[in-house]
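K.L.:
Chains as they are written, first to last, in the working numbering: chain P, 1 to 216; chain Z, 1001 to 1021.
(1) Counting only Cβ pairs nearer than 9 Å, list the residues of chain Z close to residue 160/P.
(2) Can you list, in chain order, the residues of its chain whose CB lies under 7 Å from that of residue 41/P, leaving out five sequence neighbours each side?
(3) Say whether chain Z places a C-beta atom closer than 8 Å to the C-beta of residue 100/P.
(4) Using a Cβ-Cβ cut-off of 8 Å, state whether residue 200/P counts as contacting chain Z.
(5) Can you tell me whether residue 10/P is buried or exposed, with buried defined as 16 or more other CB within 10 angstroms of its CB?
(6) Taking the Cβ atom as the reference point for each residue, do residue 8/P and residue 192/P lie within a distance shorter than 8 Å?
(7) Tell me which residue opens and which closes the alpha helix (DSSP H) that residue 179/P is part of.
(8) From the beta carbon of residue 203/P, is the nearest beta carbon of chain A less than 8 Å away?
(9) Can you list the residues of chain Z that residue 156/P reaches, using a CB-CB cut of under 7 Å?
(10) Output the distance between the C-alpha atoms of residue 26/P and residue 54/P, rounded to the nearest integer angstrom.
(11) Hey, out of 203/P, 165/P, 80/P, 115/P, whose CA is closest to residue 175/P's CA?
(12) Between the Cα of residue 178/P and the Cα atoms of 141/P, 110/P, 46/P, which residue gives the shortest distance?
(13) Whose CA, out of 101/P, 113/P, 151/P, 82/P, lies closest to the CA of residue 190/P?
(14) Go ahead and pull the three-state DSSP assignment for residue 102/P.
(15) Is DSSP giving residue 7/P helix, strand or coil here?
(16) Please decide whether residue 49/P counts as near chain Z, where near means a Cβ-Cβ distance under 8 Å.
(17) Report the rounded CA-to-CA distance for residue 255/P versus residue 1016/Z, giving the unit in angstroms.
(18) Use the C-beta contact count for residue 1013/Z: other C-beta atoms within 10 angstroms, 16 or more gives buried, fewer gives exposed.
(19) Using beta carbons (cut-off 8 Å, strictly below), is residue 60/P in contact with chain Z?
(20) Indicate the three-state DSSP secondary structure (helix, strand or coil) for residue 89/P in the structure shown.
(21) Do residue 103/P and residue 161/P have their CB atoms nearer than 8 Å?
(22) Given a cut-off of 8 Å, decide if residue 101/P and residue 1018/Z are closer than it, judged by their beta-carbon atoms.
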């Protein structure tokens, strides 16, 4: 039977709940091994960061939607197996101790949850108990502002996140793709973007290889 | 139907993307 928008949203929510219940709220044994293989074990720092960013998110989310604040899932998806195969290394100390990587990953996970539950409802105007209008546009790129994360860094995790979570619904993949396009087309080109510094550095280092001659 | 277009090549991944060296 044809899917109504409500049915599609309900299915996405059901799928997300299954995914979250199946994966639990602790690092998988697989991820724990990667943590142990690191020169500096990032477990404690990851736990602390998830805690502090979780609090930050809850505060801002609470301010935005009013007092009906939601509980927050606490999971860091790994997706490192493909990296191990690709690079033939098991020590991901640098990556797994990188705060920007953690923040981007958590932002991506929260964006998935908000897109699944929120859809268009977060866009509607709202008022707090005191009758004061509250911030209600929680659509992307709101999460970047909450975590003070650059779009350029958020962009880096999108593809790996989708690859690592094959059960994401079609609508959510589409949503992440829209975020990606928005970053590519506008947000990454704003004045304070780290992209410009990177372009400058690449240029100073000189061209790595000759461009291919144009085809006839 | 909808499928995500994967842009990274086989030899690229998240490790390099976060490596600023």
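Glycine included, every Cβ here is placed at the ideal spot set by N, Cα and C.
On a predicted model such as this, the values are computed, not experimentally measured, just so you know.
P.N.:
Checking against the coordinates, here is how it stands:
(1) Those within 9 Å of residue 160/P in chain Z are 1008, 1013, 1014, 1017.
(2) 35
(3) For residue 100/P, the nearest beta carbon of chain Z is closer than 8 Å to its own beta carbon.
(4) no
(5) exposed
(6) Contact: no.
(7) 170–185 is the span of the alpha helix (DSSP H), which, as asked, contains residue 179/P.
(8) Of the protein chains in the structure, P and Z, none is chain A.
(9) 1014, 1017, 1018
(10) 15 Å
(11) Closest option to residue 175/P, judged by alpha-carbon separation, among 203/P, 165/P, 80/P, 115/P: 115/P.
(12) 141/P
(13) Checking every option, the nearest Cα to that of residue 190/P belongs to 151/P.
(14) helix
(15) Residue state, collapsed to three classes: helix.
(16) no
(17) Look at the range of chain P in this structure, 1 to 216, and you will see that residue 255/P is not part of it.
(18) With 16 or more other CB atoms across the displayed protein chains lying within 10 angstroms of its CB, residue 1013/Z is buried.
(19) no
(20) Residue 89/P: coil per DSSP, three-state reduction.
(21) Contact: no.
(22) The answer is yes: Cβ separation under 8 Å.
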